[in-house]
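First the structure, in the form of structure tokens, and then the observations on it.
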Amino acid sequence: MSIEAKINDLGYTLPEAPAPAGSYVNYTRSGNLLFLAGGIPPVEDEYMGKVPTDTPVETAQEAARLITLNRLAVLKEAIGCLDKVKQIVTVNGFVNSAPDFYAHPAVINGCSDLLVDIFGDKGIHSRTAMGAAALPLNVSVEINMVVEVED
Amino acid sequence: MSIEAKINDLGYTLPEAPAPAGSYVNYTRSGNLLFLAGGIPPVEDEYMGKVPTDTPVETAQEAARLITLNRLAVLKEAIGCLDKVKQIVTVNGFVNSAPDFYAHPAVINGCSDLLVDIFGDKGIHSRTAMGAAALPLNVSVEINMVVEVED
Amino acid sequence: MSIEAKINDLGYTLPEAPAPAGSYVNYTRSGNLLFLAGGIPPVEDEYMGKVPTDTPVETAQEAARLITLNRLAVLKEAIGCLDKVKQIVTVNGFVNSAPDFYAHPAVINGCSDLLVDIFGDKGIHSRTAMGAAALPLNVSVEINMVVEVED
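Below you can see the structure in the form of structure tokens.
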């Protein structure tokens with residue numbers, strides 16, 4: 002099964018790759034490494050504000066899944082076909098964090114689990130999760146990635 | 002026109018590469034990738050404190066421009082001549098953020114726009130901007146970069 | 002002297018590589034670069050909470066040293082022997098920061114100084130230190146690294 006068929010099989014659809022929120026591009030490539038810009042969820046009320054006070058953990062996990070899908074849309078735009086992904090190398094997850102919230106890993110698992118569901122072993126990555134004081138447009142989660150692709 | 006002539010043409014001058022603020026160096030190289038340490042603006046009152054309460058957005062953008070110039074000074078020290086830059090690969094921008102400030106992308110555009118003004122297509126990069134709870138020496142902005150250079 | 006003998010000579014012992022705190026792995030490799038996941042200190046009272054209000058700077062430096070050792074344990078797991086390290090490329094240090102704490106570089110020096118003590122020139126790295134609003138499990142410090150290794 003192709004990666005994109007697998008995504009559909011899991012009940013998801015790749016969105017349009019979103020426009021960057023500033024003077025930059027969604028990805029750059031250096032050798033076989035793709036550096037994906039920090040992605041955010043749809044700018045809708047439920048995915049905005051601090052976790053867990055404004056956005057419960059479960060909703061923030063859903064935001065992380067939606068970011069993952071829009072990062073994969075960017076990746077497809079970059080390489081044409083997601084089957085060319087060799088390895089999700091590393092993921093950095095920033096949570097718009099209440100000062101006494103400590104379950105950032107649970108939030109970013111929304112991204113990590115989906116990557117493994119989609120890519121299997123190629124989706125297993127190293128990761129850093131942390132709590133930001135605030136995020137662009139007041140979204141609850143922001144995630145960037147480095148991905149290795151086939152030649 | 003050389004990149005350094007272009008910088009001067011835009012009305013800027015490369016500063017001295019600043020001393021690191023701790024037990025590290027301004028850059029390392031691995032293959033053709035240069036990893037530039039997090040840079041800060043001149044430690045002067047106007048570039049210190051939280052955005053926008055202590056430092057207005059416009060001043061923080063100027064801080065981002067000054068960081069960009071001192072990162073390019075580091076880059077010149079690393080490779081001898083800025084004409085050897087192949088691509089600004091990725092930029093990470095940290096804003097010393099009031100908890101209800103959400104325009105981090107506007108601040109980091111001060112860096113991104115200048116990189117494109119200087120390097121053209123080679124200056125276009127992927128990017129992550131976020132809000133820090135506090136930054137070293139209480140500066141308003143901190144930026145690191147990965148840059149691909151010619152052999 | 003081997004790197005591991007050097008570590009012992011400095012009075013330290015490599016710990017067990019800790020289990021990741023979420024759905025990810027401790028490291029991935031792309032070419033000769035190893036991307037180490039964000040590491041945390043032992044989850045013990047003294048290494049938890051905000052710096053400097055809950056954890057004094059000296060204790061946070063010790064946390065940074067303990068993270069460094071557990072990152073090196075991960076690195077050994079990845080490459081079999083620490084003598085194969087070619088260069089510590091870059092270090093990102095996140096401090097669980099009181100909003101008016103500005104000495105993040107001093108905290109992360111606990112990591113940087115130890116890397117240089119252990120690896121000499123190969124331990125000198127570029128670095129970014131910043132203040133997080135909160136960190137996973139409420140630890141005081143989190144550090145990730147990119148490391149270049151021999152073939």
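Top to bottom, those sequences are chains U, R and D. Just so you know, we're using the numbering used here here: the first sequence kicks off at 2 and counts up by one. Just so you know, we're using the numbering used here here: the second sequence kicks off at 2 and counts up by one. Just so you know, we're using the numbering used here here: the third sequence kicks off at 2 and counts up by one. Ideal placement from N, C-alpha and C gives every residue a C-beta, glycine not left out.
Val-44/R, enclosing alpha helix (DSSP H) - first and last residue: It is not in any alpha helix (DSSP H) - Val-44/R carries neither H nor E in the DSSP assignment.
Residue from Ala-61/D, Glu-17/D, Val-90/D, Phe-102/D whose Cα sits closest to the Cα of Glu-151/D: Val-90/D
Continuous beta strand (DSSP E) stretch holding Thr-91/D: start and end: 86-97
Residues sharing a beta bridge with Met-146/U, DSSP: Leu-37/U, Val-92/U
His-105/U CB to nearest heavy atom of the ligand FMN below 8 Å: The ligand FMN is not part of the structure shown, which contains no ligands of any sort.
Of the listed residues Asn-93/U, Gly-40/U, Val-86/U, nearest to Pro-19/U (C-alpha basis): Gly-40/U
Whole-angstrom C-beta distance between Ser-127/D and Phe-36/R, which should lie under 8 Å: 5 Å
Min CB distance Leu-70/U to chain D below 9 Å: no
CB-CB length for Pro-16/D against Asn-71/D, believed under 8 Å: 5 Å
6 Å CB neighbourhood of Tyr-28/U in its chain, flanking five on each side removed: Leu-35, Leu-37, Val-75, Ala-79
Beta-bridge partners of Val-140/R, as assigned by DSSP: Met-49/R
Span of the beta strand (DSSP E) around Thr-129/R: 127-133
Continuous alpha helix (DSSP H) stretch holding Thr-56/R: start and end: First-last for Thr-56/R: undefined, no H or E at that position.
Beta-carbon spacing of Val-142/R, Ala-22/R below 9 Å: no
Inter-residue Cα distance where the pair is Gly-94/R and Ala-104/D: 19 Å
Cβ neighbour criterion (16 or more within 10 Å) applied to Thr-153/R: Residue 153/R is absent from the structure shown; chain R starts at 2 and stops at 152.
Straight-line gap, Ala-99/U to Asp-55/U (C-alpha atoms, nearest Å): 9 Å
DSSP bridge partner residues for Tyr-13/R (one or two, in chain order): DSSP, once it has assigned bridges, lists no residue as partnering Tyr-13/R.
Cβ shell of Lys-123/D (< 8 Å), same chain only, five flanking positions each side left out: Val-86, Lys-87, Gln-88, Ile-89
Selection from Ala-134/D, Pro-43/D, Leu-67/D that minimises the alpha carbon distance to Leu-116/D: Leu-67/D
Span of the beta strand (DSSP E), counted from its first residue to its last, around Ser-24/D: Segment: none, Ser-24/D is in no beta strand (DSSP E) and carries neither H nor E.
Distance between Asp-84/D and Asn-110/U (C-alpha atoms, nearest Å): 34 Å
Reduced DSSP secondary structure (H/G/I, E/B, other) of Ser-3/R: coil
Asp-114/R: first and last residue of the uninterrupted alpha helix (DSSP H) it sits in: 105-120
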